[in-house]
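Residue numbers (this note's numbering): -15 to 155. The beta carbon of each residue, even a glycine, is placed where N, CA and C say it ideally should be. All remarks here apply to the structure that follows.
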C-alpha cells in the first residue's frame, strides 16, 4: 500500500485555489521543506482566482506582477481580487496575495472579450530559435520544480550550468 501523504502533489494541485469569501480565494501550503514559493506558482494561482471573477466570454489580455516578499511554502496563501472595472469589452482586476496578513504579491490583470482584438495566435517576439538538440535528445536535469520536466539540449563547455533549457509540464 502506498502512503499518499508522502507523495508529491500534482502540478494542478499546486496551482489550485478555492473560494473562501466574496472574491477571496485560498491556496493550501505547497510542499513542506521547500525554501520558498516559486514565482510562477503565485502568478498561476492569482490568475486562477481572477478568472473566477470575470464573465466567461473574457480571456486574459495582459498582466503585470510584483513580487514583494518571499512566500513561505508551509503557510496558506490568501488571494483577494478587486474588481476594478467591467466594461463592454474589457475587465480589469487587481489581485493581492497575503500570508499571515503580510502582503507578499500584487498583480494587475486585464481581460478582453475574445472578439475584441484578442488574437488566437500569440505575438511572436523572438527572431528565431537557437540551433539546439530537440527535447527527446537532451539530457534531463533534476530540479525542484514539481511537475515540470527540464532538459539541457546542449551543455556548453566550461560552464557549471546550462544556458539553454527545455521546459515542459509532465502532466
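Compute the Euclidean distance between the alpha carbons of residue i and residue j, then round it to the nearest angstrom.
i           : j           : result
residue 42  : residue 67  : 14 Å
residue 91  : residue 125 : 31 Å
residue 120 : residue 80  : 39 Å
residue 148 : residue 138 : 7 Å
residue 12  : residue 96  : 29 Å
residue 27  : residue 73  : 23 Å
residue 89  : residue 82  : 7 Å
residue 21  : residue 131 : 14 Å
residue 0   : residue 56  : 17 Å
residue 5   : residue 44  : 23 Å
residue 150 : residue 116 : 10 Å
Identify whether residue i lies in helix, strand or coil by the three-state DSSP scheme.
i           : result
residue -2  : helix
residue 163 : Because the chain spans -15 through 155 in this model, residue 163 falls outside it and cannot be assessed.
residue 58  : coil
residue 99  : coil
residue 121 : helix
residue -7  : coil
residue 128 : coil
Which stretch, first to last residue, makes up the alpha helix (DSSP H) that contains residue i?
i          : result
residue 35 : 23 to 35
State the beta-bridge partners of residue i as determined by DSSP.
i          : result
residue 64 : 8, 80
residue 43 : 96
residue 73 : Answer is none; residue 73 lacks a bridge partner.
residue 90 : 50, 80
Using the beta-carbon count (16 or more within 10 Å), is residue i buried or exposed?
i          : result
residue 46 : exposed
residue -6 : exposed
The beta strand (DSSP E) spanning residue i covers which residue range?
i           : result
residue 152 : 150 to 153
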